[in-house]
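Here the protein sequences line up with chains A and B, keeping their order.
The UniProt record's numbering numbers the first residue of the first sequence as 1 and each following residue consecutively.
The UniProt record's numbering numbers the first residue of the second sequence as 1 and each following residue consecutively.
The beta carbon of each residue, even a glycine, is placed where N, CA and C say it ideally should be.
Just so we're clear, the structure is a prediction, and the values are computed from it rather than from any experiment.
A short worksheet on the structure shown next.
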Amino acid sequence: MRIEKQIEAMRKEKKILLMTHQIIGYPDFAANEKVIECFYNNGVDLIELQIPFSDPIADGPVFTKSNQAVLEKGIKVSDCLKFIERMASKYPIPFLVMTYYNILYQYGVEAFIDRCKEIGVQGTIVPDAPLDEARTYYDYSCQQGLAAVSIATPYSDPKRLQEIADIGSGFIYYVPRKGVTGSKTTFGFEILDGIQKAKKETGKTIAVGFGIQGPEDVARLIGTADIAIIGSKIQQVLETEGLSGLDQFLGDIARVNKEE
Amino acid sequence: MKNKMINYLGQNGYFGAYGGRFVPEILIPAVDELNQAFQEILRDEDFYKQYYNLLMDFSGRPTPLTYAEGLSAYFGKAKIYIKREDLNHSGAHKINNVLGQGLLMKKLGKTRVIAETGAGQHGVATAIMAAKMGFQATIYMGAEDAERQYANVFWMKQLGAEVIPVTTGTATLKDAINEALRDWAGNFDNTHYALGTACGPRPFPEMVTFFQSVISKEMKKQINEICGKNPDRIYACLGGGSNAMGAFVEFLQEPGVELVAVEAGGKGEASGKHASRIAYAKAKTGVSQGYKTLFLQDDDGQMLDTWSISAGLDYVGVSPILAHLAETKRVRVLAATDAEVIEAFKLIISKEGLIPALESTHAFAGLFREIADTKPEDVIVVNMSGRGDKDIFNIGEALQDQGWKTFVTERGKAYAD
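Below, the structure is given as structure tokens:
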């Protein structure tokens, strides 16, 4: 089933969906697997798996160092794809691959999309593939029924926002502020207004990422965003509180959907 | 005229298959704003006058074209002329670009400048520009480079810039560019990213080339005054490509002028420790740091470690304009090894009384290798992009100079006590 349909079905059950993130191979595959199991057990709705890249310009310091640590161990793209394949066959959750454009470019953009489809991935997120530079990537993904998630920001003017909505598929990844991943975002009225505007103008499912720190931020997004994306904070929780800490963190977020 | 140059170079930020602007969506308005301002100044003669006046008053342009009498006599072949970018204020061609971008910043109303630096010359130039124009400056420098080139770090700090050593990745120039791009993504409202070379997302390759074109504009006039003709060949070193583009651009449409760029051959082709993207044919087309060009990368597309005795040439990618010019055979690309560079350095300093930067010495090394093929009536220009004072530690070590070693050891001891 295409991811749009899955999201639509899930949205009927929940006020807001949760997408979580892992860098594949960090700290190692076994740890990734335990974390993904924890995601699944806590009712996470979508999982974003990042294939490391040597020059991840959209990532903040936490993820930059993790990308590098994985590459220093000699982990290859093929190892990451094998791992994703195993996870996608084990857990009935939509998996999305996040990586940088050069990884696709060297693999062959179409071959990479074909491979993702073959291993059960539902979509891809490529932050350095702007719509005007990577048309083949968006068009071919669309043709193959795989989501090529496009990215919008509060600085996207109405014309560009529409183009972003038209070219991408699955949902729109909305980056609510300037900067890179990792630092906190304050979800004030201005940001919420921007999200609402993007949703209204495009009519698409809106996922909000960058700087979500916990249940309070997720609760703030109810009624405006469809999906909350948590990345760096999960790595931070894991590093300071371990798997049990993550279990509790995700449990607290899941309760957001049950609160009146 | 200036527009004609840009049209010849590329269309919509592409130079053949290379170029573009592969930046995260958050940076699109920033690169758009910059591109628009750049397109405006391209058509603005007054801006160019203001820019060139600043170069004359502040940086010391025009720089001379010096006849290399000693070297020419030593080889007994072509007449060698040296374009003296080392005589710019700050000691390198980098200031040309930075002063231009500083004026552009004023036009854009930005108050803070960020920059990356490899050898430190671009960082020092940016810090000078910021001090002169009243901007706040933050310079990103690979931690390894900051160690190799501490003299430049010292000057940047004295000039009031904040210097941030970058420890991620390979801790060299490419990682400093990544950090600068990240900073820009967070602060583009008030901050301009003064990229130092003809690389990166549109419009940087064209814009940096435009500001560096003063080199070949002057060179063309000077050599024609002296010799009554264009040079037969021009040699320039090739890291990112700003001095090479500066030296070549006015001659691109002069088919009689052979353009030769010299990359960092490091410890040689077989060693894998070099920064030669084109000459050793080791690079593949890829997308990184906001643009598409030839990058040294593995089969997965991960960028590889590079090596050069010269921090300024130690870069994993190359200007998309030069990638295209090499592909279309308009520019011929060589690589000079560290060992060849040291030998060339000894020859230049002894025959000419000049102290070239290790970067620029690559251009000389390329010429020396090929000079046997030239005739006495040939005229060759070498672009000496910078002076070598900053390289004293590397050169002292490479030459195994005992007096220098003793001096450094004694100084170290004095500080330790």
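Note to self: Taking DSSP's pairing of strands, which residues face residue 21/A in a bridge?
What the structure shows: 48/A.
Item checked: Neighbour-count burial assignment, residue 417/B, 16 or more Cβ in a 10 Å radius -> If you draw a 10 Å sphere on the C-beta of residue 417/B, you find fewer than 16 other C-beta atoms in it, and that means exposed.
Check: Cα separation between residue 305/B and residue 255/B?
Finding: If you take the alpha carbons of residue 305/B and residue 255/B, they lie about 36 Å apart.
Notebook entry, point to check: Interface residues of chain A around residue 174/B at Cβ under 7 Å?
Noted result: Contact annotation for residue 174/B against chain A: 55 [CB-CB distance below 7 Å, chain order].
Check: Of all Cβ atoms in chain B, is any one closer than 7 Å to the Cβ of residue 48/A?
Finding: Residue-level contact by beta carbon fails for residue 48/A and chain B, as no gap is shorter than 7 Å.
Check: Where DSSP assigns a beta bridge to residue 117/B, which residues make up the other side?
Finding: DSSP, once it has assigned bridges, lists 141/B as partnering residue 117/B.
Next item on the list: With distances taken Cα to Cα, identify the nearest neighbour of residue 206/B among 324/B, 230/B and 379/B.
Entry: Among 324/B, 230/B and 379/B, the Cα nearest to that of residue 206/B belongs to 324/B.
Next item on the list: Quick one: residues in its chain with C-beta nearer than 6 Å to the C-beta of residue 308/B, no 5 flanking neighbours on either side, listed in chain order?
Entry: Counting only Cβ-Cβ distances below 6 Å, and skipping sequence neighbours, we find 264, 266, 275 and 314.
Notebook entry, point to check: Quick one: is residue 181/B near chain A, going by C-beta distance under 7 Å?
Noted result: So yes, residue 181/B belongs to the interface.
Margin query: I need the straight-line Cα distance from residue 58/A to residue 247/A, nearest angstrom please.
Written below: Taking the straight line from one Cα to the other gives about 27 Å.
Checklist line | Buried or exposed (CB count within 10 angstroms, at least 16 for buried), residue 25/B | finding: Within a 10 Å sphere around the beta-carbon of residue 25/B sit 16 or more other beta-carbons, which makes this residue buried.
Notebook entry, point to check: Using DSSP with H/G/I as helix, E/B as strand and the rest coil, what is residue 283/B?
Noted result: Coil at residue 283/B, not helix or strand.
Margin query: Determine, for residue 155/A, whether the minimum Cβ-Cβ distance to residues of chain B falls below 7 Å.
Written below: Residue-level contact by beta carbon holds for residue 155/A and chain B, with a gap shorter than 7 Å.
Next item on the list: Pick helix, strand or coil for residue 410/B, following the three-state DSSP scheme.
Entry: The answer is helix: DSSP assigns residue 410/B an H, G or I state.
Next item on the list: Spell out whether any CB of chain A is found under 7 Å from the CB atom of residue 70/B.
Entry: Residue contact check for residue 70/B against chain A: no CB pair falls below 7 Å.
Next item on the list: Using beta-carbon positions only, say whether residue 312/B and residue 118/B come within less than 7 Å of one another.
Entry: Less than 7 Å divides the Cβ of residue 312/B from the Cβ of residue 118/B.
Item checked: Distance between beta carbons of residue 160/B and residue 127/B, contact taken as under 8 Å -> Their Cβ separation, rounded to whole angstroms, is 7 Å, which keeps residue 127/B and residue 160/B in contact under 8 Å.
Item checked: Three CB pairs or more closer than 8 Å across the segment 278 to 289 of chain B and the segment 233 to 246 of chain A -> Judged by Cβ distances under 8 Å, the segment 278 to 289 of chain B makes no contact with the segment 233 to 246 of chain A, as fewer than three pairs qualify.
Checklist line | Cut-off 7 Å between Cβ atoms - residues of its own chain near residue 165/B, not counting five sequence neighbours on either side | finding: Sequence-distant partners of residue 165/B (beyond 5 residues in either direction) whose C-beta falls short of 7 Å from its own C-beta, in its chain, are 141, 143 and 146.
Next item on the list: Would you identify the three-state DSSP class for residue 237/B, choosing helix, strand or coil?
Entry: Strand at residue 237/B.
Check: Hey, does residue 71/A have any beta-carbon neighbour from chain B nearer than 7 Å?
Finding: Interface flag for residue 71/A against chain B is set, since a Cβ pair is found closer than 7 Å.
Notebook entry, point to check: Quick one: what's got a C-beta closer than 8 Å to residue 342/A's C-beta in the same chain, skipping five residues either side?
Noted result: No answer is possible for residue 342/A: it lies beyond the span of chain A, which begins at 1 and ends at 260.
Check: Are the segment 102 to 121 of chain A and the segment 80 to 92 of chain A in contact at 8 Å, needing three or more beta carbon pairs?
Finding: Flag = yes, the segment 102 to 121 of chain A and the segment 80 to 92 of chain A touch.
Next item on the list: Over the uninterrupted beta strand (DSSP E) stretch that includes residue 149/A, give me the two end residues.
Entry: Counting along the chain, the beta strand (DSSP E) containing residue 149/A begins and ends at 147 to 152.
Next item on the list: Identify which residue in 183/B, 52/B and 162/B has its Cα closest to the Cα of residue 130/B.
Entry: Ranking 183/B, 52/B and 162/B by Cα distance to residue 130/B puts 162/B first.
Note to self: Cutting at 7 Å between CB atoms, please list the residues of its own chain near residue 184/B, excluding the five before and the five after it.
What the structure shows: Apart from sequence neighbours up to five positions away, the residues of its chain that approach residue 184/B with a beta-carbon distance below 7 Å are 27, 30, 114, 191 and 193, ordered along the chain.
Note to self: Quick check: what's the CA-CA separation for residue 295/A versus residue 136/A?
What the structure shows: Residue 295/A lies beyond the stretch modelled for chain A, which goes from 1 to 260, so this question has no answer here.
Check: Which term fits residue 45/A, buried or exposed, when burial requires 16 or more other beta carbons within 10 angstroms of its beta carbon?
Finding: It is buried - the Cβ of residue 45/A has at least 16 other Cβ atoms within 10 Å.
Check: Can you find a C-beta in chain B that's less than 7 Å from the C-beta of residue 58/A?
Finding: Output row for residue 58/A: interface = yes.
Check: How is residue 67/A classed by DSSP in three states: helix, strand or coil?
Finding: In the structure shown, residue 67/A sits in a helix (DSSP, three-state: H, G or I).
Note to self: Taking 6 Å as the limit between beta carbons, can you name the residues of its chain near residue 36/A, skipping five residues before and five after?
What the structure shows: Taking residue 36/A as the centre and dropping the five residues before and after it, the same chain places the C-beta of 87 closer than 6 Å to its C-beta, in chain order.
Margin query: For residue 299/A and residue 204/A, what's the separation of their Cα atoms in angstroms?
Written below: Missing from the structure shown is residue 299/A; chain A here goes from 1 to 260 and no further.
Margin query: Give me, in chain order, the residues of the same chain whose beta-carbon lies closer than 6 Å to that of residue 1/B; leave out the 5 immediate sequence neighbours on both sides.
Written below: Reliability fails at residue 1/B, whose pLDDT of 45 lies under 50, so the model's placement of it is uncertain and the value that follows must be treated cautiously. Closer than 6 Å at the Cβ level, and outside the excluded window around residue 1/B, lies no residue.
Item checked: Inter-stretch contact at 8 Å, needing at least 3 Cβ pairs: the segment 353 to 364 of chain B / the segment 385 to 402 of chain B -> A contact exists between the segment 353 to 364 of chain B and the segment 385 to 402 of chain B.
Item checked: Assigned secondary structure, residue 161/A (DSSP; H/G/I helix, E/B strand, else coil) -> In this structure, DSSP gives residue 161/A a helical state, which the three-state scheme calls helix.
Checklist line | Sufficient close CB pairs (3 or more, under 8 Å) joining the segment 293 to 304 of chain B to the segment 216 to 229 of chain B | finding: Proximity of the segment 293 to 304 of chain B to the segment 216 to 229 of chain B falls short of the contact definition, fewer than three beta-carbon pairs being nearer than 8 Å.
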